[in-house]
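**Q** Starting off with a structure, shown below.
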Amino acid sequence: MLRTMCQKHFWIVVTSLLSLVLLSACGGIKERTPPQTEGTAPSASAPAASAGSDDNAPAKEGATRIVKTVLGDVEIPLHPKRVVAGYYHGTLLALDFPVVGASKEWWMGSPFLTEQEKRIEDIGSPLSLEKVMALNPDLIVIYDSNRDDYESLSKIAPTVYIPYDSKLGIRDEVRLFAEMFGRQKEAEAWFAKYEKAAAKARERLKNIVGPNATATLIHPNGKELAVLGDNFGRGGEAIYHAIGFKANERVQREVIDSGVQYQAISLELLPEYADADIVFLCAWDQTTEEELKAVVDSGVWRQLPAVRENRVIVLDYKTFFYFDPISVLGQIEALADVIERHNEAKKQ
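Numbering (our numbering), first residue to last: 153 to 500.
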């Protein structure tokens, strides 16, 4: 019994770790004239509604809300019809936003979003202002890599800039978006699905994964070897939160608690980070066989207790790379599947 998941956007994400933390959303429902004509900037000075406004009350056509961002207040449609996402499209989909455009090369492709993404147009990577304009959005959501286009995008439609925060887990992100955009009901539905999926997976694995089981998530990224935390894809959320594996002390302190979430290490230091009941190995889909063999054929790797005792589980990169609310739900079940298969194989 055991006692006890980058692509080229990685460095963009890393450089945004010092972004300001999002201010909390505020404002409520108010009436407004018909939506602004295409090409005009959204009002950043419209007053917020009183604190007693009911976001769940029926809203008239054309109703808006004010959201507070690090770039100032933005007036957005309460019920947008055409949303373009420079990032976060998975979170917007999870909260039932009608996303019509997103960046395909960097962020689309999750096997758990295949059907939804069939209806989404690619806006390019980096995004094309012309493609965004052609989609006639009434709301645009962006993050750090699109920051330089904020002013231009704001002339197309109300644009909300949400900085990346490495310490903001996917559950925190759902809560933040729900508060900012008035989607509490949709968020509650997602949380119910999450808890149901997590409980089901833990029940399936109760005789395999003990309450104090530890795990380390290793990522050979080309020639670089890295340890990943609970908030950088590759299955980290499902491993550490849904299933409930514990991280060893060094991974917890230096990778998870510090917020870096992705820490490159030398092969020689691997034993200190991979001292765990299970080692999950998720190699980049462009990692060559030779690059991977340089790790798994090394003496350091072969001497890891988890390797010697057949406690290494390989995670499919395409399945576990993505880190959005819908993909995470699918990864919980997928992770339970792979752990069960590994356990059965050990018995043979």
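Glycine residues also receive a C-beta, built at the ideal position from the N, C-alpha and C atoms.
1) Short check: CB of A246 to CB of I478, under 8 Å?
2) Should the stretch 480-498 be regarded as contacting the stretch 411-425, the criterion being three or more beta carbon pairs within less than 8 Å?
3) Are the stretch 286-295 and the stretch 309-324 in contact at 8 Å, needing three or more beta carbon pairs?
4) Along the chain, which unbroken stretches of the alpha helix (DSSP H) at least 4 residues long are found entirely within the stretch 223-290?
5) Could you tell me the distance, in whole angstroms, from the CA atom of T368 to the CA atom of E282?
6) What first and last residue would you give for the beta strand (DSSP E) that runs through R299?
7) Count the other CB atoms, across all protein chains shown, that sit within 10 Å of the CB of V222; report buried if there are 16 or more and exposed otherwise.
8) Closer than 6 Å by C-beta to A486: which residues in its own chain qualify, once you throw out the five before and the five after it? Chain order, please.
9) Is the beta carbon of A488 less than 8 Å from the beta carbon of R356?
10) So, are the CB atoms of I272 and H241 less than 8 Å apart?
11) Quick check on V235: buried or exposed, where buried means 16 or more other Cβ atoms within 10 Å of its Cβ?
12) Give me the residue from L320, P363, N364, E338 with the minimum Cα distance to F475.
13) Examine the Cβ distances between the stretch 391-408 and the stretch 346-365 and report whether three or more of them are shorter than 8 Å.
14) What residue range is occupied by the uninterrupted beta strand (DSSP E) comprising F432?
15) Mapping the DSSP letters down to three states, classify A309 as helix, strand or coil.
16) Rounded to a whole number of angstroms, what is the C-alpha to C-alpha distance between A215 and P229?
17) Measuring alpha carbon to alpha carbon, tell me which of E441, L244, D429 ends up nearest P363.
18) Just verifying my parser: in three-state terms, what is the DSSP assignment at K445?
**A** Inspection of the coordinates gives the following:
1) Cβ distance < 8 Å, so A246 and I478 count as in contact.
2) They do not touch, by the three-pair rule.
3) Touching, yes.
4) Within the stretch 223-290, the alpha helix (DSSP H) runs of at least 4 residues that lie entirely inside it are, in chain order, 241-246, 256-259, 266-269, 281-286.
5) Inter-residue distance for T368 and E282 is about 44 Å (C-alpha atoms, whole angstroms).
6) According to the DSSP assignment, R299 belongs to no beta strand (DSSP E), since it is labelled neither H nor E.
7) Result: exposed.
8) T471, listed in sequence order.
9) Cβ distance < 8 Å, so A488 and R356 count as in contact.
10) A contact, by the Cβ cut-off of 8 Å.
11) Here V235 is buried, its C-beta having at least 16 other C-beta atoms within 10 Å.
12) Checked all of L320, P363, N364, E338; the closest Cα to F475 is L320.
13) Contact holds: three or more Cβ-Cβ distances are below 8 Å.
14) From DSSP, the beta strand (DSSP E) with F432 extends over 430-433.
15) Three-state DSSP puts A309 in coil, outside helix and strand.
16) Rounded to whole angstroms, the separation of the alpha carbons of P229 and A215 is 6 Å.
17) Nearest C-alpha to P363 among E441, L244, D429: D429.
18) Secondary structure of K445 (DSSP, three-state): helix.
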